[in-house]
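Numbering (the working numbering), first residue to last: 5 to 312. The next block holds one structure in the form of structure tokens; read it before the comments.
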Ligand SMILES: NC(=O)c1ccc[n+]([C@@H]2O[C@H](COP(=O)([O-])OP(=O)(O)OC[C@H]3O[C@@H](n4cnc5c(N)ncnc54)[C@H](OP(=O)(O)O)[C@@H]3O)[C@@H](O)[C@H]2O)c1
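Given below as structure tokens:
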């Protein structure tokens, strides 16, 4: 059986990669941060030397929301940069030929026009609130590009996923992204028999949220079809919805029938951030799951594993 080293295997993305049906055909090494601290270059190199993976999927990182990024910019730049460098350089030095590196849409310039296409990276200033994180992600992507340039046998490729939601998400309001936060809020409203739920702003801002098992599907397609995969590929839906639409869909799935009220004094963030998915489609991949099914499955996970 081929062997795959998955960094971040206990994280939200990593757990969905491990749950995908393709994972059964691979021996997957998914050390926790306690078992293998990726900030330690010597440990990472020794681990790869000892275990000789055929493929590396790099899905580990110091990940957080705007507040955490703003409070700890040193950590977000330094830790992610060091982890990326250690994983990519150690894999290359130990003769790994295939590596999938996960980026993030924060790598795009703050003022880039929508939809965001891959050639817009490094064409303008980054969003200041998560600049450090974005710089570390760009460094890892460039390192992969340079390795491919110097070594004709290397296939070190980067996927840029859009925002995700799904099983193994963080639902705690202090750490959650928009969709799990909406699920938690509307579920609470149903339990507490509230007649209204508040939405920040007018709810017309557009957001692209993909079901995390669909990213896992793209990662497995990348692993098994790495030669044809471009060096840098957005993985998203190519389609977005208003925040009001996400609230309405979640309410439908949960069966809460109250009213939404808008607090227009609250900040709304960017009007839109949408990936151009034409490169992924040319390669042959599209997200298979509908928004409704994704929300249903995520709500099931929330009920069984988070509150249950
Ligand atoms: N979630 C999203 O919406 C989203 C969207 C686009 C891109 N991505 C990208 O996908 C990747 C994974 O994100 P995620 O949402 O799965 O994050 P997550 O749930 O926070 O998981 C992060 C993982 O990284 C590991 N890690 C952190 N520091 C480490 C260290 N020093 N040594 C070893 N492992 C370490 C953690 O291990 P332990 O748990 O063992 O500490 C954890 O498994 C990131 O690169 C992120 O930028 C995520």
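We put the beta carbon where it would ideally sit given N, CA and C, even for glycine.
- Following the DSSP letters along the chain, one finds residue 161 inside the beta strand (DSSP E) bounded by residues 159–165.
- In this structure, the beta-carbon distance from residue 279 to residue 110 does not fall below 8 Å.
- In this structure, the C-beta of residue 220 stays at least 7 Å away from each heavy atom of ligand 1.
- Residue 30 has its alpha-carbon roughly 28 Å from the corresponding atom of residue 150.
- Excluding residues up to 5 positions away in sequence, 113 and 116 lie with their Cβ nearer than 8 Å to the Cβ of residue 127 in the same chain.
- Of all C-beta pairs linking the region 231–239 to the region 78–91, fewer than three are shorter than 8 Å, placing the two stretches out of contact.
- Given a length threshold of 4 residues, each whole run of the alpha helix (DSSP H) inside the region 150–232 is given here in chain order: 182–195 and 216–228.
- For residue 238, no alpha helix (DSSP H) run applies; the uninterrupted beta strand (DSSP E) run containing it begins and ends at 236–239, by DSSP.
- Taking the Cβ of residue 217 as the reference point, every heavy atom of ligand 1 lies at 7 Å or farther away.
- With a cutoff of 7 Å, residue 63 counts as near ligand 1, since its C-beta is closer than that to a heavy atom of the ligand.
- Ranking 221, 178 and 195 by CA distance to the CA of residue 69 puts 178 first.
- The bridge partners DSSP lists for residue 279 are 120.
- When rounded, the separation of the alpha-carbon atoms in residue 48 and residue 145 is 19 Å.
- The three-state reading of DSSP puts residue 104 in strand, counting E and B together.
- Look at residue 162: its beta carbon is at least 7 Å from all of the heavy atoms in ligand 1.
- Per DSSP, the unbroken alpha helix (DSSP H) holding residue 22 starts and ends at 16–23.
- The beta-carbon distance between residue 62 and residue 105, rounded to whole angstroms, is 5 Å. This is short enough to meet the 8 Å contact definition.
- Taking the Cα positions, residue 291 is about 13 Å away from residue 283.
- Around the beta carbon of residue 16, a 10 Å sphere encloses 16 or more other beta carbons of the protein chains shown; the residue is thus reported as buried.
- Taking C-beta atoms as the reference points, residue 170 and residue 222 fail to come closer than 8 Å.
- Considering only 204, 246, 300 and 180, the residue with the shortest C-alpha distance to residue 257 is 300.
- A straight-line Cα-Cα distance of about 7 Å links residue 26 and residue 224.
- The three-state secondary structure of residue 92, taken from DSSP, is helix.
- Classified as buried, residue 201 has 16 or more neighbouring CB atoms from the shown chains inside 10 Å of its CB.
- Close CB contacts of residue 121 within its chain, under the 6 Å cut and outside five residues either way in sequence, are with 280 (chain order).
- A direct Cα-to-Cα measurement between residue 11 and residue 34 gives close to 6 Å.
- Per DSSP, residue 258 is one residue of the alpha helix (DSSP H) stretching across 247–258.
- Three or more beta-carbon pairs drawn from the region 205–214 and the region 245–252 are found closer than 8 Å, and the two stretches are therefore classed as touching.
- Remark: C-beta atoms of residue 148 and residue 219 do not approach each other more closely than 8 Å.
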